[in-house]
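Below: the structure, in structure tokens.
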Amino acid sequence: MTNWLEIDKYAKEWIKEAGARIIKSFSSELIIQTKSNKNDLVTQIDKGTEEFLINKINKVFPSHRILGEEGLSEELEDLKGIVWIIDPIDGTMNFVHMQRDFAISIGIYEDGVGKIGLIYDVVADELYHVRKGNGVFMNDIRLLPLKDTAVDEAIIGLNATWVTKNKRIDPTILEPLVKESRGTRSFGSACLELAYIAAGRMDAYLTLRLSPWDYAAGKIMVEELGGKVTTLRNEPLDLLTQQSFFASKPGLHDEILQKYLKEGNW
Ligand code: IPD
Ligand code: CA
Ligand code: CA
Ligand code: CA
1 MTNWLEIDKY AKEWIKEAGA RIIKSFSSEL IIQTKSNKND LVTQIDKGTE EFLINKINKV
61 FPSHRILGEE GLSEELEDLK GIVWIIDPID GTMNFVHMQR DFAISIGIYE DGVGKIGLIY
121 DVVADELYHV RKGNGVFMND IRLLPLKDTA VDEAIIGLNA TWVTKNKRID PTILEPLVKE
181 SRGTRSFGSA CLELAYIAAG RMDAYLTLRL SPWDYAAGKI MVEELGGKVT TLRNEPLDLL
241 TQQSFFASKP GLHDEILQKY LKEGNW
């Protein structure tokens, strides 16, 4: 039988250690490279953090598999067995420009089912964690089940990209949601936006494109507290591909889908 308590204990220890290494790196020079475009950044610290976590996992849990953003692990074609889905630094742009508001995200799945989620806001020293069925915590504070909110009282996580000219959707589609909600925010770290929904600081988060490592941990947290996490078409997410993404408090999820997302062809 899988000892989830043991896995959880190691994962927490390693994510904290990885965070401490990142803080130490602030005093050394960053080597910044670009990936798919000039704003898609990666540094030696993103890669070093992923490598650090992979080495730890391989040593203690050699049968577990790993899916990481920077691609230092094997390529996965399925989610059989125990799979660690890792974003070594989520919010690399924040890391590079602001040295804050980035996080390490680890989601641990068994045969595609989320079991453990950890999101570590390194600079704030806030560790959000969930072990499926045992509640969600921010450090030692237990987070409460999500209470519903109507759109006109909701804060929605939404990047301005999607309401300006872009290659994926007609930017006017999301305009009514922006106007009718209480406000929108964009924090620059998808996993932190999900942790904020879990903590009740924000009510929903949506985007046209997200990768599994961005949401693997946060999805488990939001669902554990009664929220809904799907694509913008209300379909289940596939943890092996990039898709549209929509996480929200439960009733709000339905309201936004019905009133604001019907027109989109995503
Ligand atoms: C990015 C951040 C950002 C989101 C992007 C992600 P990265 O992750 O989560 O908030 O808008 O879609 O790619 O590259 O900083 O790990
Ligand atoms: Ca990236
Ligand atoms: Ca990311
Ligand atoms: Ca990243």
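For the sequence shown, the residue numbers in full-length UniProt numbering are 1 to 266.
Positions of the beta carbon are idealized from the N, C-alpha and C atoms, including for glycine.
{"query": "Inter-residue CB distance, S105 and D90 (contact presumed, cutoff 8 Å)", "result": "5 Å"}
{"query": "First through last residue of the beta strand (DSSP E) which encompasses E223", "result": "Counting along the chain, E223 falls outside any beta strand (DSSP E), though it belongs to the alpha helix (DSSP H) covering 212-224."}
{"query": "Endpoints, beta strand (DSSP E) assigned at W84", "result": "82-90"}
{"query": "Neighbouring residues (CB closer than 5 Å to any heavy atom of ligand 3)", "result": "D87, D90, D214"}
{"query": "Given L67 as reference, the closest of M93, S36, F26, G112 once Cα atoms are compared", "result": "G112"}
{"query": "Bounding residues of the alpha helix (DSSP H) (the contiguous stretch that carries T49)", "result": "44-60"}
{"query": "Reduced DSSP category for H129 - H, G, I as helix; E, B as strand; rest coil", "result": "strand"}
{"query": "Straight-line gap, V83 to I108 (C-alpha atoms, nearest Å)", "result": "6 Å"}
{"query": "Beta strand (DSSP E) runs wholly inside the stretch 126-212, at least 3 long, in chain order", "result": "126-131, 136-138, 155-157, 183-185, 204-210"}
{"query": "DSSP state of V96 mapped onto helix, strand, coil", "result": "helix"}
{"query": "Extent of the continuous beta strand (DSSP E) run through I22", "result": "No beta strand (DSSP E) contains I22, which is instead part of the alpha helix (DSSP H) from 4-25."}
{"query": "Contact the stretch 59-74 vs the stretch 190-205: 3+ CB pairs below 8 Å", "result": "no"}
{"query": "Q243 - containing beta strand (DSSP E), residue span", "result": "243-248"}
{"query": "One or two residues paired with L118 in a DSSP bridge", "result": "I106, H129"}
{"query": "Boundaries of the beta strand (DSSP E) in which L67 is found, first to last residue", "result": "65-68"}
{"query": "Pick from P176, E193, K35, L79 that is closest to G264, judged by C-alpha positions", "result": "P176"}
{"query": "Cβ-heavy atom distance, E69 to ligand 4, below 6 Å", "result": "yes"}
{"query": "Heavy atom of ligand 1 within 6 Å of residue 276 beta-carbon", "result": "Since the first and last residues shown for the chain are 1 and 266, residue 276 lies out of range."}
{"query": "Contact belief for I197 with A247 at Cβ below 8 Å, rounded distance in angstroms", "result": "6 Å"}
{"query": "8 Å contact criterion, which W266 and L240 should meet: CB distance rounded", "result": "So it is not a contact: roughly 18 Å between Cβ atoms."}
{"query": "Extent of the continuous beta strand (DSSP E) run through V123", "result": "Looking at the DSSP string, V123 is not in any beta strand (DSSP E), and its letter there is neither H nor E."}
{"query": "Helix, strand or coil at L41 [DSSP, three-state]", "result": "strand"}
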